[in-house]
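Here the protein sequences come in this chain order: Y and S. Here this note's numbering is used: the first residue of the first sequence is 493, the next is one more, and so on. Here this note's numbering is used: the first residue of the second sequence is 3, the next is one more, and so on. Some notes on the structure that comes next.
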Amino acid sequence: MSLIGESIVDSELRGDKGVVEEFGSSTTSRSWYHYLLLAACVLFAAVSVGFVGSIIEKSGPTWLHHPATLITGGGWQSPNGPFGGLAMIIGTLETSLIALVIAVVIGLGTAISIVFFIPRRLRNIVATFVELLAAVPSIVYGLWGFLVLAPWMYSTVDPWLNSWPFAREIWGDPSQQYGPSLFLAAIVLGVMILPTFVAISREVIAVVPNDLIEASLSLGATRWQVIRKVVLPTSRIGLFGATFLALARATGETVAVALIAGGVAKVQFHLLNPGTSIASWIATEFGEAQGNEISALMALGVLLMLLSFSLSLVSRWLVGRQRKLLAKV
Amino acid sequence: MNDLTQLEEPTEIDQSMREEIRRVSHATRARRLLISRVMTTLCALTLAVTAVPLVLLLFQLIKRGAPELTWTFFTKVPETPSLIAPNATGGLSNAILGSIALNIYAAILAIPVGVLVGVYLAESLSKFASALRIIAQTMAGAPSILMGLFAFSFVLQDLHVGFSAIAGSFALAVLMLPVIIIATEIAVLNVPNTLREAGLALGAKPHKVSMRVVIPSALTGIVTGCILAISRAIGETAPVLLVIGGGYLNTWKPLSPVSALPLSIYENAKSEWPSQRAQVWGAALLLVIFVFILSLTARIWASRKQKVSN
């Protein structure tokens with residue numbers, strides 16, 4: 493078991509391993525040790541309650557006075573408002589969904605190639621390399637996007653994309669483009685979550701039992717049929733988990749997007765124009781914010797929290813359902 | 003079906019049927035093989051597509067970063083370049099020192115609590131434990147900017163501590179906690195039950211078994227988890243961005259404003275001076291070296307664990 497995918501496989505451990513002792517079940521175990529553990533747990537519970545509570549509390553004024561503006565308003569006028577968050581919400585969805593599509597399509601193929609097509613000797617080296625890349629801090633990806641990719645996009649890629657048919661409808665007005673854009677942010681996010689996705693799905697695919705693969709091959713299935721009909725269905729729980737982890741990383745990414753999305757609070761459907769996301773907008777605006785604006789930024793934080801928690805809830809539900817389906821078979 | 007034996011022997015019609023079957027099976031076989039070849043080629047192509055940007059990133063990082071890692075970089079505080087001296091960037095010693103201090107304080111705050119909670123989660127079957135497990139897993143996926151908002155609203159606004167290293171460490175500690183908890187729980191669950199039962203059979207009380215048998219056997223896993231938590235925290239910009247204040251001083255005092263490597267990368271990347279933008283690559287390379295060393299150490303610890311248990 494490797495270092496990244498642990499959170500996904502953990503609940504399987506519990507299944508076949510009974511736990512010897514339940515603390516507190518017998519009088520003998522009520523020792524100082526038991527209370528020490530409980531105290532740590534209470535502290536952690538308090539921290540997590542404080543985590544949610546204090547951000548919600550500080551965003552209170554915004555929710556009380558201008559809840560509709562925050563969710564549906566388009567512009568952000570510091571320092572006195574109105575503070576509209578629609579541009580950030582849409583920017584977050586656009587960048588993270590495009591990034592997810594890039595990462596899943598390319599990442600799945602990569603994971604399959606690493607497990608089945610690469611020579612055995614190279615396999616471990618490549619796997620280690622991918623896991624190291626998954627640990628590279630996001631600011632480094634942001635820096636690369638900002639100093640290397642953005643100038644290159646501006647000089648080479650943008651003019652080419654603008655020569656497509658319907659370019660204005662898809663990519664937007666060329667006079668507003670200067671390198672950083674929602675599309676560039678999505679690409680860099682995709683490259684950033686790619687190693688995470690590959691590392692986890694490689695692990696998930698590698699544990700598919702060899703018996704199944706050999707049985708299928710011996711029935712005359714081609715390599716692709718084995719992958720399509722045996723490997724992918726067997727590992728789908730883990731692949732779901734990997735997808736949601738990658739999505740969570742993309743939606744919450746802050747500084748990389750702050751550097752390369754352009755930082756313009758405008759509802760933006762033209763992908764080559766600059767935009768912003770919830771997390772990166774909090775990061776860029778917080779420094780100079782005061783009073784009401786801090787409260788509005790905290791309210792954006794609440795939205796981000798809701799997004800992240802519901803993603804985690806949906807992934808938990810999906811993985812649980814898949815597991816039940818597999819158990820029935 | 004029992005009337006299979008009563009089927010008539012094939013007649014001359016059958017010869018053509020047989021050929022038809024052979025023809026179709028040849029055709030489908032060719033089709034299956036073609037599809038398989040195309041798809042496997044596509045998979046191999048995606049491997050190349052993945053490799054190109056990532057290798058390019060590492061290559062540019064080393065090429066542009068390595069020349070910046072000079073003696074001055076490690077020992078001097080930053081200077082602001084001017085028209086007279088456009089290349090006078092100084093070093094980033096304040097950020098290096100700040101990053102190390104931030105992570106040490108955060109580790110001191112997070113590791114004891116995280117390990118204890120992890121042990122409790124693994125050893126207890128109570129409702130409280132499963133609730134905490136869900137909380138830890140949810141928090142592990144929460145965006146890191148939220149830790150920064152939490153530290154700002156709690157440490158800065160409620161406790162009235164100013165911009166300081168300790169506020170940043172608090173944010174990083176909240177970030178580390180779920181990682182440590184989850185890793186500890188898995189490490190403790192991985193300890194074979196026979197060890198626990200042996201301890202109990204010898205008459206040891208449950209808490210003695212947990213303290214003297216289970217935790218020592220799970221120690222490598224726990225240490226791996228802690229190192230990974232630190233390696234994740236050291237590269238995080240968003241949580242510290244809002245609360246540590248920055249500044250050019252070499253300091254590690256918990257209550258004074260500090261800088262950090264990711265923070266100076268974020269700020270200097272937008273600098274108008276080419277010399278400062280170049281220096282940022284050095285900081286990024288140093289950060290990646292830190293993270294790689296920590297991750298590799300964790301891997302080595304983890305493989306040692308496997309050897310010991312084999």
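For each residue, glycine too, the CB sits at the ideal point set by N, CA and C. Every value quoted in this text rests on a predicted model; they were computed, and no experiment measured them.
N-terminal and C-terminal residue of the alpha helix (DSSP H) that residue i is part of
| i | result |
| --- | --- |
| Y/Leu639 | From DSSP, Y/Leu639 is part of no alpha helix (DSSP H); its letter is neither H nor E. |
| Y/Asp650 | 650 to 654 |
| Y/Gly702 | With the sequence shown as reference, residue 702 of chain Y is identified as Asn, and Gly is not the correct amino acid for it. Note, Y/Asn702: alpha helix (DSSP H), 702 to 710. |
| S/Leu71 | Taken as a continuous stretch (DSSP letters only), S/Leu71 belongs to no alpha helix (DSSP H), as it is neither H nor E. |
| Y/Val618 | 612 to 626 |
| Y/Thr776 | 770 to 778 |
| Y/His526 | 524 to 550 |
| S/Pro241 | 240 to 243 |
| Y/Trp716 | 715 to 718 |
| S/Gly201 | 195 to 203 |
| S/Lys129 | 129 to 142 |
| S/Ile147 | 146 to 153 |
For residue i, three-class secondary structure by DSSP
| i | result |
| --- | --- |
| S/Val176 | helix |
| Y/Phe675 | helix |
| S/Pro80 | strand |
| Y/Phe761 | coil |
| S/Val260 | strand |
| Y/Trp568 | strand |
| Y/Phe658 | coil |
| S/Phe165 | coil |
| Y/Gly733 | helix |
| Y/Gly601 | helix |
| S/Gly100 | helix |
| Y/Gly767 | strand |
| Y/Gly754 | strand |
| S/Gly223 | helix |
| Y/Gly812 | helix |
| S/Gly116 | helix |
| S/Ala249 | Just to set this straight, residue 249 of chain S is Gly in the shown sequence, not Ala. Residue state, collapsed to three classes: coil. |
| S/Leu296 | helix |
| S/Gly170 | helix |
| Y/Gly583 | helix |
Residue environment, residue i, which counts as buried when at least 16 other CB atoms sit within 10 Å
| i | result |
| --- | --- |
| Y/Thr564 | exposed |
| S/Gln17 | exposed |
| Y/Val534 | exposed |
| Y/Trp773 | buried |
| Y/Ser588 | buried |
| Y/Ser802 | exposed |
| Y/Ala703 | The question names Ala, yet the displayed sequence has Asp at residue 703 of chain Y. Looking at its Cβ environment, which holds fewer than 16 other Cβ atoms inside 10 Å, Y/Asp703 is exposed. |
| S/Val57 | exposed |
| S/Asn89 | exposed |
| S/Thr96 | What sits at residue 96 of chain S in the sequence shown is Asn, not Thr. Burial call: buried. |
Residue i at chain S interface by Cβ criterion, 8 Å
| i | result |
| --- | --- |
| Y/Gly542 | yes |
| Y/Trp663 | no |
| Y/Trp652 | no |
| Y/Met825 | Chain Y is shown only over 493 to 821; residue 825 of chain Y falls outside these bounds and no answer can be derived. |
| Y/Gln717 | yes |
| Y/Gly601 | yes |
| Y/Thr743 | yes |
| Y/Trp636 | yes |
| Y/Ala757 | no |
| Y/Leu556 | no |
CB contact below 8 Å: residue i versus chain Y
| i | result |
| --- | --- |
| S/Pro264 | yes |
| S/Tyr107 | no |
| S/Ile224 | no |
| S/Ser101 | no |
| S/Ile137 | yes |
| S/Phe130 | yes |
| S/Val115 | yes |
| S/Leu104 | no |
| S/Val79 | no |
Listed by chain order, chain B residues near residue i by CB distance under 8 Å
| i | result |
| --- | --- |
| S/Arg214 | Of the chains in the structure shown, none is chain B; the protein chains are Y and S. |
Checklist entry - Given a limit of 8 Å on CB to CB distance, which residues of the region 233 to 260 of chain S reach chain Y? => result Ser233, Arg234, Ile236, Gly237, Glu238, Thr239, Ala240, Leu243, Leu244
Next on the checklist: At a CB distance below 7 Å, what residues from the region 36 to 55 of chain S approach chain Y? Give them in sequence order.
Outcome noted: Ile37, Ser38, Met41, Thr42, Leu44, Cys45, Ala46, Thr48, Leu49, Val51, Thr52, Pro55
Item to check | Against chain Y: residues of the region 155 to 181 of chain S by CB proximity under 8 Å | outcome: Ser155, Phe156, Gln159, Asp160, Val176, Leu179
Checklist entry - Relative to chain Y, which residues along the region 266 to 279 of chain S have a C-beta separation below 8 Å, given in chain order? => result Ile267, Tyr268, Ala271, Lys272, Arg279
Checklist entry - If you measure beta-carbon to beta-carbon, which residues of the region 140 to 155 of chain S are closer than 9 Å to chain Y? => result Thr140, Met141, Ala142, Gly143, Ala144, Pro145, Ser146, Ile147, Leu148, Met149, Gly150, Leu151, Phe152, Phe154, Ser155
Next on the checklist: Taking beta-carbon pairs under 8 Å, can you tell me which members of the region 681 to 709 of chain Y lie near chain S?
Outcome noted: Taking 8 Å as the cut-off between beta carbons, the residues of the region 681 to 709 of chain Y near chain S are Val683, Leu686, Pro687, Val690, in sequence order.
Item to check | Residues in the region 286 to 297 of chain S having any Cβ partner in chain Y nearer than 7 Å | outcome: Ala286, Leu289, Val290, Val293, Phe294, Ser297
Checklist entry - Quick one, which residues of the region 54 to 73 of chain S are near chain Y if we go by CB-CB under 9 Å, in chain order? => result From the region 54 to 73 of chain S, only Pro55, Leu56, Leu58, Leu59, Leu60, Gln62, Leu63, Arg66 have a Cβ closer than 9 Å to chain Y.
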